[in-house]
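With positions in the sequence shown counted from 1, the corresponding number in our numbering is that position plus 596. Think of the CB as a built atom: it goes at the ideal place given N, C-alpha and C, for glycine as much as any other residue.
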Amino acid sequence: MSTPPSSLSPGAALQAAAAVSPPAGDTAATAPRSAQPVRWLGLVLPLVILAAWQAASHYAWVPPVFLPSPAATAQSFVNLLTEDAFAHDFLESIGIVSQSFVYGAVAALVLGVAAGLSRKVEQFLGPTFDSIRHIPGIAWLPLIILWLGIGAPAKILVIAKSVFFPVFLNTLQGIRNVDRQYIELGDVLQLNRWQLFRKVLFPSALPNIMVSLRYGAGLAWALVVVAEGIAGQVGIGFLIFRAQALLLTDQLLVCMVTIGLVGFAIDRLMFLVQKRALKWKQGFEG
Numbered sequence: 597m598s599t600p601p602s603s604l605s606p607g608a609a610l611q612a613a614a615a616v617s618p619p620a621g622d623t624a625a626t627a628p629r630s631a632q633p634v635r636w637l638g639l640v641l642p643l644v645i646l647a648a649w650q651a652a653s654h655y656a657w658v659p660p661v662f663l664p665s666p667a668a669t670a671q672s673f674v675n676l677l678t679e680d681a682f683a684h685d686f687l688e689s690i691g692i693v694s695q696s697f698v699y700g701a702v703a704a705l706v707l708g709v710a711a712g713l714s715r716k717v718e719q720f721l722g723p724t725f726d727s728i729r730h731i732p733g734i735a736w737l738p739l740i741i742l743w744l745g746i747g748a749p750a751k752i753l754v755i756a757k758s759v760f761f762p763v764f765l766n767t768l769q770g771i772r773n774v775d776r777q778y779i780e781l782g783d784v785l786q787l788n789r790w791q792l793f794r795k796v797l798f799p800s801a802l803p804n805i806m807v808s809l810r811y812g813a814g815l816a817w818a819l820v821v822v823a824e825g826i827a828g829q830v831g832i833g834f835l836i837f838r839a840q841a842l843l844l845t846d847q848l849l850v851c852m853v854t855i856g857l858v859g860f861a862i863d864r865l866m867f868l869v870q871k872r873a874l875k876w877k878q879g880f881e882g
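Now the structure itself:
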């Protein structure tokens, strides 16, 4: 007996059209030991960099004023953690990134879906959006500062704009690149337009969307540093530029390491969200 359209779960139409593959558990069980991931392998390069840093400091290959030792940098990190100002600056940056990402991503998803479903919407938005997206976000910053000042709204607007276009384009192309056989399967199952979008088009576009959201989150975190350095009096980007001006290299390195670790954490978080959202989709894992 055939399954009624209303009982299909997201992604079921795609799986029905695809060839049957062996269970993931069987693949993992039969994989050779050499193909299993080595969890500690990612620690090798950071340890090599740390060792080279320690050697450069110990043997004075680089003057300490330009490259403090790892121990001095760690002590500076501890000192900064005890200051309320550092926590305030860090949370300020996190807040700006969060708001920018949400505003940019939500607007991009709404307009990307609309443009993906309607050629007229795409033609209406296309020329203007194509022109605007080629202007770097930082190039907008001087004008936006004139309009809004150097507060949080200016930075949020610039970062949200930079997040918007990758998500918009990937959403649009993800919907447009759906395999025709999935559309035909929807016709066979007598899906209406909303069911076709929810059960076929959106699941097919979801891999593109999740990749763009992951990229956009990292981009937002990177851009907040630049925006705060140029147009800010608070935030971790402001701390970096202040440390550079005062030749506080240890604090500068602390901020850089913090940015890198937080960026890594954001990427891991988005990866887990992506993995959960696409748990129905199996792909090559190396």
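- Near Ala827, which residues of its chain fall below 7 Å by C-beta distance, leaving aside the five closest residues on each side in sequence? Leu737, Ile741, Ile746, Ala750, Lys751
- Query: Tell me which same chain residues have a C-beta within less than 8 Å of the C-beta of Gln840, skipping the five on either side of it?
  - Reply: Leu848
- Return the first residue and the last residue of the alpha helix (DSSP H) that Val717 is part of. 715-729
- Task: Examine the Cβ distances between the region 790-807 and the region 642-659 and report whether three or more of them are shorter than 8 Å.
- Result: no
- Item | 7 Å CB neighbourhood of Leu809 in its chain, flanking five on each side removed | Ala701, Val763, Met866
- Output the distance between the C-alpha atoms of Phe834 and Pro666, rounded to the nearest integer angstrom. 23 Å
- Query: Hey, quick one: how far does the alpha helix (DSSP H) through Pro642 stretch, first residue to last?
  - Reply: 640-654
- Cutoff 7 Å; reference Ala711; Cβ partners in own chain excluding five residues on either side: Val717, Glu718, Leu721, Leu768
- Tell me whether Ile746 sits in a helix, a strand or coil according to DSSP, three-state version. coil
- Query: Comparing the C-beta of Gly747 with each C-beta of chain D, is any distance below 8 Å?
  - Reply: This model lacks chain D altogether, as it is built from one protein chain only.
- Query: In or out: Glu679 buried (at least 16 other Cβ within 10 Å) or exposed?
  - Reply: exposed
- Query: Is Asn773 helix, strand or coil by DSSP?
  - Reply: coil
- Query: Around the C-beta of Val784, are 16 or more other C-beta atoms found within 10 angstroms, so that it is buried, or is it exposed?
  - Reply: exposed
- Simplified DSSP state of Pro660, which is helix, strand or coil: coil
- Whole runs of the alpha helix (DSSP H) within the region 789-836, excluding any shorter than 4 residues: 789-792, 798-827
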